[in-house]
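In my numbering, the protein residues as written are 206 to 338. Think of the CB as a built atom: it goes at the ideal place given N, C-alpha and C, for glycine as much as any other residue. Note that this is a predicted model, so its numbers are computed, not measured. Working notes for the structure below.
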Amino acid sequence: GAAPAAFVVNSAGADSSLLGIPGTWELKETRAGNLCMARAVFTQDPPGADEGRVTVSSPCFDTGSGAWRAVYTGDAPTFGWALDYERSTVLYSASRVEAARPGGTVKARGIIRAAKRSEPNKLAPVGTFEAQA
Numbered sequence: 206g207a208a209p210a211a212f213v214v215n216s217a218g219a220d221s222s223l224l225g226i227p228g229t230w231e232l233k234e235t236r237a238g239n240l241c242m243a244r245a246v247f248t249q250d251p252p253g254a255d256e257g258r259v260t261v262s263s264p265c266f267d268t269g270s271g272a273w274r275a276v277y278t279g280d281a282p283t284f285g286w287a288l289d290y291e292r293s294t295v296l297y298s299a300s301r302v303e304a305a306r307p308g309g310t311v312k313a314r315g316i317i318r319a320a321k322r323s324e325p326n327k328l329a330p331v332g333t334f335e336a337q338a
C-alpha cells in the first residue's frame, strides 16, 4: 500500500494558507514514463476553508477542473484533488507535503490515479507528481 501521508505541519494549527492556497502550484507529472509540466490553480470557498475548487492545465492533456480537500485530523493528514472529465476521473493524492513558512515555498509529491466514470471503483495508478507553490 501507499506510505502514509507525511505533512511537515503542526496539524493543531494547520490551515490551507500553509499549502499556498488559494494560489497556484507548478506541477511536474510523470505519466507512462513521460514528463509533463502542468499548473494547478486552487481557490477556497469560503475563504479559509479546507476545501474548494481546482483547475489543472497542461500542454499534455485537456484542462480539467474539480475539487480539492485537505484533512488535518487523525494520524495521517491528507491533501488531494480530483479532476472530473467526460469519461474519467483523475485523482491526485499528496504522499508528502512540506508546508511553507511565511514567504517560503510549499513542496509536495504524490501519486496520480485514474478511473473510468463507468467504473469509478477501479482506480489505477497512472503516474506521479512533484509540485511547488
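Query - Those residues which DSSP pairs with Asp289 across a bridge - result: Ser270 and Thr294
Query raised in the report: Beta carbon of Arg292: closer than 7 Å to some heavy atom of the ligand HEM?
Result: For the ligand HEM, the structure offers nothing, since it holds no ligand at all.
**Report entry** Straight-line gap, Ser222 to Gly238 (C-alpha atoms, nearest Å)
**Finding:** 32 Å
Query raised in the report: So what's Leu232 in DSSP terms, helix, strand or just coil?
Result: strand
Query - Which residues DSSP lists as bridging Pro307, in chain order - result: Paired residues: none, contrary to the question.
Query raised in the report: Under a Cβ-count criterion, where at least 16 other Cβ atoms within 10 Å of its own Cβ denotes burial, should Gly253 be classed as buried or exposed?
Result: So Gly253 ends up on the exposed side.
Requested in this report: Starting from the Cα of Phe334, find the closest Cα among Ala320, Asp250, Gly225 and Arg314 and give me that residue.
Outcome: Arg314
Query raised in the report: Excluding sequence positions up to five away, which residues of its chain have a Cβ less than 6 Å from the Cβ of Ala320?
Result: Thr294, Lys327 and Leu328
Query raised in the report: Hey, how far is the Cα of Pro307 from the Cα of Thr260?
Result: 25 Å
Query raised in the report: Ends of the beta strand (DSSP E) at Ala254?
Result: Per DSSP, Ala254 belongs to no beta strand (DSSP E) and is neither H nor E.
Query raised in the report: Between Ala336 and Glu231, what straight-line distance do the alpha-carbon atoms span, to the nearest angstrom?
Result: Within the model, the alpha-carbon separation for Ala336 versus Glu231 is close to 5 Å.
Query raised in the report: According to DSSP, is Ser221 helix, strand or coil?
Result: helix
Query raised in the report: Since Arg318 contacts Leu296 with CB under 8 Å, what's their CB separation in whole angstroms?
Result: 5 Å
Query raised in the report: Span of the beta strand (DSSP E) holding Ile317?
Result: Lys312 to Lys321
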